[in-house]
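So the number in my numbering is just where the residue sits in the sequence shown, counting from 1, plus 1245.
Idealized CB from N, CA, C, for every residue including glycine.
Here the structure is a predicted model, which is why all the values come from computation and not from measurement.
All remarks here apply to the structure that follows.
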Amino acid sequence: MVGAILTQGTSWSNVEKAIDSLKSANALDLEIINEMPRDHLSQLIYSAGFHNVKPDRLKSLSSYLMANFDGKIEALKRLPTGTARSQLLAIDGIGPETADAILLYALGKSVFIVDTYTKRLFTRLGYAVEQDSYDSWQAFFVSQMHKTTYTFQQYHALIVEHSKARCKSKPICNSCPLASHCTFPSK
């Protein structure tokens, strides 16, 4: 859950540094984050960027979980997916992508995450228009796939890996295995 907040607007390598910092301080726990002074939390997660915003988001999430579920993720996990998603979206700083990342990876719910990598790759493959809404993108993927948590986790991870290696904002098209299907103008 912490990683889903920390990854907003930054690379996973920077998030890993922040998570390592939290671990070193024995602070990778929502109850500890809830009690921790904001300034100290800001210092610990500095490498993840937006260190003036993300402490508040982490504290909002941890405060919500402490107040409503005694800090027990398992209690949130037992809620129906739609209910859990609505509750996550009501927390300051959590939008659809972050809520779905928490649902898929932390709670094991069968939802598909639509992120920048997904939009970029599939727009270049000619499947959708980037201005489509989050819900439209998500509906497209859900209608095309076997709807299991494992499938969504693996497919999303493969999209991220491919996009980091090849389908970057400045793509490396010459060795891309999808090049023959791609509509991107530079290839």
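Going residue by residue through the segment 1304-1329, where are the continuous alpha helix (DSSP H) segments of at least 4 residues, counting only ones entirely within it? 1318-1322
Within the continuous alpha helix (DSSP H) that includes residue 1363, where are the two ends? Start at 1 with the first residue of the sequence shown, and residue 1363 comes out as number 118. Run containing residue 1363: 1361-1369, per the alpha helix (DSSP H) assignment.
How do the segment 1270-1280 and the segment 1303-1322 stand: do at least 3 beta-carbon pairs fall below 8 Å, yes or no? yes
Of the choices 1381, 1370, 1322, 1369, whose alpha-carbon is the least far from that of residue 1341? If you number the sequence shown from 1, residue 1341 lands on position 96. Of the listed residues, the one whose Cα sits closest to residue 1341 is 1381.
Using a threshold of 8 Å, state whether the C-beta atoms of residue 1290 and residue 1266 are closer than that. On the sequence shown, residue 1290 is found 45 positions in, with the first residue counted as 1. On the sequence shown, residue 1266 is found 21 positions in, with the first residue counted as 1. Yes, the Cβ-Cβ distance between residue 1290 and residue 1266 is below 8 Å.
Tell me the rounded alpha-carbon separation between residue 1360 and residue 1329. Here residue 1360 is taken as the residue at index 115 of the sequence shown, counted from 1. Here residue 1329 is taken as the residue at index 84 of the sequence shown, counted from 1. When rounded, the separation of the alpha-carbon atoms in residue 1360 and residue 1329 is 20 Å.
If I'm right that residue 1358 touches residue 1306 with Cβ under 8 Å, what's the distance once you round it to whole angstroms? Taking the first residue of the sequence shown as 1, we reach residue 1358 at position 113. Taking the first residue of the sequence shown as 1, we reach residue 1306 at position 61. So it is not a contact: roughly 17 Å between Cβ atoms.
Is the beta carbon of residue 1293 closer than 8 Å to that of residue 1255? On the sequence shown, residue 1255 is found 10 positions in, with the first residue counted as 1. On the sequence shown, residue 1293 is found 48 positions in, with the first residue counted as 1. Judged by their CB atoms, residue 1255 and residue 1293 are nearer to each other than the 8 Å cut-off.
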